[in-house]
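Peer 1:
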Amino acid sequence: MPSGTASLRQQPDGQPQIELIGLRKEFGGGATSADKVVAVEGADLAVADGELFAILGPSGSGKTTVLRMIAGFEQPTSGVIRLGGQDVTALPPAKRDTNTVFQQYALFPHMTVAQNVEYGLRVRGVGKSERRQRAGEALEMVQLSGQATRKPAQLSGGQQQRVALARALVGRPKVLLLDEPLGALDLKLREQMQVELKAIQREVGITFVIVTHDQDEALTLCDRLAVFNDGRVEQIGAAREVYENPANRFVADFVGTSNVLDGAAAEAVLGRAGTYAVRPERILVLDAATAPPAGMRSIEAVVDEVVYAGPITRIAARNQSGVALTATLLSAEASDELAHGAQVVLAWPDSAVRNLDT
Numbered sequence: 053m054p055s056g057t058a059s060l061r062q063q064p065d066g067q068p069q070i071e072l073i074g075l076r077k078e079f080g081g082g083a084t085s086a087d088k089v090v091a092v093e094g095a096d097l098a099v100a101d102g103e104l105f106a107i108l109g110p111s112g113s114g115k116t117t118v119l120r121m122i123a124g125f126e127q128p129t130s131g132v133i134r135l136g137g138q139d140v141t142a143l144p145p146a147k148r149d150t151n152t153v154f155q156q157y158a159l160f161p162h163m164t165v166a167q168n169v170e171y172g173l174r175v176r177g178v179g180k181s182e183r184r185q186r187a188g189e190a191l192e193m194v195q196l197s198g199q200a201t202r203k204p205a206q207l208s209g210g211q212q213q214r215v216a217l218a219r220a221l222v223g224r225p226k227v228l229l230l231d232e233p234l235g236a237l238d239l240k241l242r243e244q245m246q247v248e249l250k251a252i253q254r255e256v257g258i259t260f261v262i263v264t265h266d267q268d269e270a271l272t273l274c275d276r277l278a279v280f281n282d283g284r285v286e287q288i289g290a291a292r293e294v295y296e297n298p299a300n301r302f303v304a305d306f307v308g309t310s311n312v313l314d315g316a317a318a319e320a321v322l323g324r325a326g327t328y329a330v331r332p333e334r335i336l337v338l339d340a341a342t343a344p345p346a347g348m349r350s351i352e353a354v355v356d357e358v359v360y361a362g363p364i365t366r367i368a369a370r371n372q373s374g375v376a377l378t379a380t381l382l383s384a385e386a387s388d389e390l391a392h393g394a395q396v397v398l399a400w401p402d403s404a405v406r407n408l409d410t
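Its first residue numbered 53, the sequence shown is counted upward by one per residue in our numbering.
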């Protein structure tokens, strides 16, 4: 069975915590089809209890609409949503055992950190002593115990994100939904929070669903992910599976970087018809006088550009037919002689070539 088909059918073991069946969402109430926009079309996916799952896709792909339908903020045009085996399609948000963390953390500026975290419990009528105990536990979990009396404006962006997370976790939901939760943070803090968020999810053990357009974030955080495009699920699978076995050209291009070869380019480089992908890190860059390892396919090429990016160096080159390929090397292994105009040999094993037509 082709890898893409297998990925689309992949389901978690046992009863899923979240199950979407044939989910469709239209916007616009006009009488004709031209007045309607289909944001999500036929989405089927299942998320296991305790899983950290990512919904990945570009802007406008339908990923946030899916999250809002799971939370109950949007009603599907058709399809079924089940949480813990219960059909919640028609239930309002308050009747669903979920909580949501938004990109803009929506903290109350006039309240202290502790009051922000306690707020949902207070609305639900939880007693004062229990509220304080549970808020304290939640703040300890996100390493903010010493900030309980401060106001949000006195905190850094990363600290505010943790307060929002504590506020969502204090109600002990079965499912936590996170909509671009790290999008407002700078790169270094975002990378730090990715590690912390994964550790928190492991500690609390509840189901996390994270919506993001950041492929690196999805690959770093999740157990499995669903790739969305134009309202449809393109592929579902473990992070490694989706990266190494993309189901189609969109996934190969969007999740990481790929050399996609088709038509004349595939014939010139691979000697075969069809559409194929080769990840840049699977390509060796050898001196023109060096023979490639046995069993590897190779081409002669000329370097167009060398881009130093700290730990890695990217090499853009093209063969005599004009087909461009990109290779990624560890900077420590990149030769000082690699420069514009250098003659090189690019080589890769057959196992690095993914057929995108299957």
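Beta carbons are placed, not taken as given, at the ideal position from N, Cα and C, and that holds for glycine.
It should be emphasised that the depicted structure is a prediction, and the values quoted were computed from it without experimental measurement.
(1) Taking only runs that begin and end inside the stretch 265 to 323, name each unbroken beta strand (DSSP E) of 3 or more residues, in chain order.
(2) Taking the alpha carbon of Leu241 as the point to measure from, which residue in Gly308, Val354, Arg214 has its own alpha carbon closest?
(3) Less than 9 Å between the beta carbons of Gly308 and Leu277, yes or no?
(4) Measure the beta-carbon distance from Val405 to Tyr295 and round it to whole angstroms, keeping in mind my assumption that it falls under 8 Å.
(5) Quick check on DSSP: helix, strand or coil for Val256?
(6) For Asp139, does the count of other Cβ atoms within 10 angstroms reach 16, so buried, or fall short, so exposed?
(7) In three-state DSSP terms, what is Val247?
(8) Ends of the alpha helix (DSSP H) at Val351?
(9) Classify Pro298 as buried or exposed, calling it buried when 16 or more other Cβ atoms lie within 10 Å of its own Cβ.
(10) Work out the CA separation of Asp388 and Leu229 for me, nearest whole Å.
(11) Is any heavy atom in the ligand MG found nearer than 8 Å to the beta carbon of Val90?
(12) With a threshold of 7 Å on Cβ separation, who are the neighbours of Val169 within its own chain once the five nearest residues in sequence on each side are excluded?
(13) Rounded to a whole number of angstroms, what is the C-alpha to C-alpha distance between Val285 and Pro145?
(14) How would you call Arg174, buried or exposed, if buried means at least 16 neighbouring beta carbons within 10 angstroms?
(15) Is Ala95 helix, strand or coil by DSSP?
(16) Does the distance from the CB of Ala106 to the CB of Gln156 come in under 9 Å?
(17) What is the DSSP secondary structure of Lys77, counted as helix, strand or coil?
(18) Tell me the DSSP secondary structure of Glu71 in three-state form.
(19) Going by C-alpha to C-alpha distance, which of Ala353, Val330, Pro128, Arg176 sits closest to Asn311?
(20) Is Gln206 buried or exposed, if buried means 16 or more other CB atoms sit within 10 Å of its CB?
Peer 2: Short version:
(1) 276 to 281, 284 to 290, 311 to 314
(2) Arg214
(3) no
(4) Contact doesn't hold; Cβ gap of about 15 Å is too wide.
(5) helix
(6) exposed
(7) helix
(8) A small correction: the amino acid at residue 351 is Ile; Val does not occupy that position in the sequence shown. Where Ile351 is concerned, there is no enclosing alpha helix (DSSP H), although the beta strand (DSSP E) it sits in stretches over 349 to 361.
(9) buried
(10) 47 Å
(11) With respect to the ligand MG, the structure offers nothing, as it holds no ligand at all.
(12) Ala187, Ala190, Leu191, Val215, Ala218, Arg219, Val222
(13) 24 Å
(14) exposed
(15) strand
(16) no
(17) strand
(18) strand
(19) Val330
(20) exposed
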